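Below: the structure, in structure tokens.
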Amino acid sequence: MIEILDPTDLPRARATGALVADILQTLKGRSAVGTNLLDIDRWAQDMIREAGAQSCYVDYAPSFGRGPFGHYICTSVNDAVLHGLPHDYALAEGDLLSLDLAVSLGGIVADSAVSFVVGGAAPPEDAAMIAATEEALRAGIAAAGPGTRLGDVSAAIGSVLTAAGYPINTEFGGHGVGSTMHQDPHVPNTGRPGRGYRLRPGLLLALEPWVMADTARLVTDPDGWTLRSATGCRTAHSEHTIAITDDGAEIMTLPTQGRP
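This is how it looks when you write it as structure tokens:
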């Protein structure tokens with residue numbers, strides 16, 4: 001199902017997006033050498049509950065996981081890139097951490113992800129990979145708007161990632177959001193311009209470019225959730241929820257301090 005929101009729903013979508021962005025910003029600031037992934041999960045739980053919001057992950061049990069997920073945030077470290085199940089692990093200097101968070105507030109979901117290196121400056125290869133996902137995300141957002149085809153968005157994302165030299169996996173990508181976390185349409189991280197669903201005002205999309213340094217193949221951990229690069233290479237992931245408006249695309253997942 002593709003859900004189209006009424007314009008009167010956009011203020012609630014902005015509120016959910018700001019909450020997600022603020023939580024991610026806080027957790028990024030707290031993620032230091034020695035921080036345990038289970039502490040990050042607990043902090044996310046506390047902030048979600050304090051806001052009167054609901055986690056989209058705790059009871060999430062799709063066909064591809066070994067659910068329910070049972071935690072409040074995805075914490076993917078180094079060669080893990082998606083659905084990282086929080087576990088008893090203390091972050092070390094130089095770890096590349098991706099945090100992915102989806103929350104429902106007021107009946108509307110927002111989903112966002114950030115990647116960063118713990119404990120200091122990122123090595124050049126990590127910085128370049130993170131920057132490529134962020135640039136691809138900006139390109140996808142810039143391509144989105146009323147009347148745009150979904151393939152235009154996917155092609156914009158994919159062109160950046162390919163130009164940067166990264167293989168692209170199409171098993172997992174962006175998706176629609178609304179009253180639930182994962183909806184149609186699926187938004188691959190590469191595609192053909194002029195093809196696919198025509199975007200309409202009121203559509204919420206979570207765009208999420210992610211890459212692995214030298215492979216497009218994933219392997220799944222014994223936990224049934226965490227997805228890693230098949231070669232053990234490092235990974236990066238960036239994500240925003242956007243709303244298609246009459247004028248283009250508006251980013252919902254901006255932190256409170258970063259909003260116009």
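In terms of full-length UniProt numbering, the sequence shown is numbered consecutively and its last residue is 260. All C-beta atoms in this analysis are idealised placements derived from N, C-alpha and C, irrespective of residue type, glycine included. Values in this document were obtained by computation on a predicted structure and should not be read as measured data.
- Two segments are said to touch when three or more pairs of C-beta atoms, one from each, lie closer than 8 Å; by this definition the segment 214-230 does not touch the segment 241-248.
- Here Ala92 carries a coil assignment [DSSP, helix/strand/coil].
- With at least 16 other beta carbons inside 10 angstroms of its own, Pro209 counts as buried.
- For Glu208, no alpha helix (DSSP H) run applies, since DSSP gives it neither H nor E.
- A Cβ-Cβ distance of about 38 Å is found for the pair Gly224 and Gly194, leaving them out of contact under the 8 Å criterion.
- Leu207 is positioned such that its CB atom lies no closer than 8 Å to that of Ile130.
- Excluding five sequence positions before and after Ser76, the CB atoms of its chain that fall closer than 6 Å to its own CB belong to Gly84, Ser98, given in chain order.
- In terms of Cα proximity to His240, the closest of Arg138, Phe172, Pro188 is Arg138.
- DSSP places Leu10 within a helical segment (H, G or I) once states are collapsed to three.
- In this structure, Gly106 lies near Ala15, with their beta-carbon atoms less than 8 Å apart.
- Residue range 150-163 is occupied by the alpha helix (DSSP H) that includes Ser154.
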